[in-house]
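Everything on this sheet refers to the single structure shown next.
Numbering (mature numbering (1 follows the signal peptide of the UniProt record, and there is no 0)), first residue to last: -27 to -1, 1 to 120.
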């Protein structure tokens, strides 16, 4: 066999192997939405947990949300009211948060009828639902005074 023919067959064999490898490794792109939804269901022990103190302002009433000692939640507090200080805890990969009254220690929950109530248990959580009308400016950081 001639040396030129063996080199040509060697190159053809490599080209064939490369094309076969390229066809086999063609994968669909990963589904990040599914990954986020799966990871949001469980508590994330790897990520850094965030705890901050906020006041939540209601544009409807023009007042701040408060958690009262009788487990009632309303938006009738003035700026700086002791019951209007809310502790927001995050500890998951997704968008699950817990909101607790700093003074009362009650977590904001929703009962079966959709009404907001206060509960002592930590296992309650609120999940962020993104929509076109949501506004980021509703959160006010008390510690820094910035919106």
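Built from N, CA and C at the ideal position, the CB exists for glycine as well.
Here the structure is a predicted model, which means the values were calculated and not measured.
Residue 61 sits close to residue 27, with the two beta carbons spaced by under 7 Å. One alpha carbon belongs to residue 41, the other to residue 34, and they sit about 17 Å apart. Per the C-alpha coordinates, the member of 69, 11, 8 and 74 positioned closest to residue 50 is 74.
The DSSP-derived three-state label of residue 69 is strand. Scanning 4, 63, 9 and 56 for the CA closest to the CA of residue 79 turns up 56. Around the C-beta of residue 93, fewer than 16 other C-beta atoms lie within 10 Å, and the residue is accordingly described as exposed. A straight-line Cα-Cα distance of about 22 Å links residue 44 and residue 63. Residue nearest to residue 90 within the set 3, 5 and 47 is 47 (criterion: CA-CA distance). Only buried fits residue 71, as 16 or more other CB atoms lie within 10 angstroms of its CB.
Using a 10 angstroms sphere on the CB of residue 6, the tally of other CB atoms stays under 16, which defines it as exposed. Take the alpha-carbon of residue 1 and the one of residue 11: they are about 19 Å apart.
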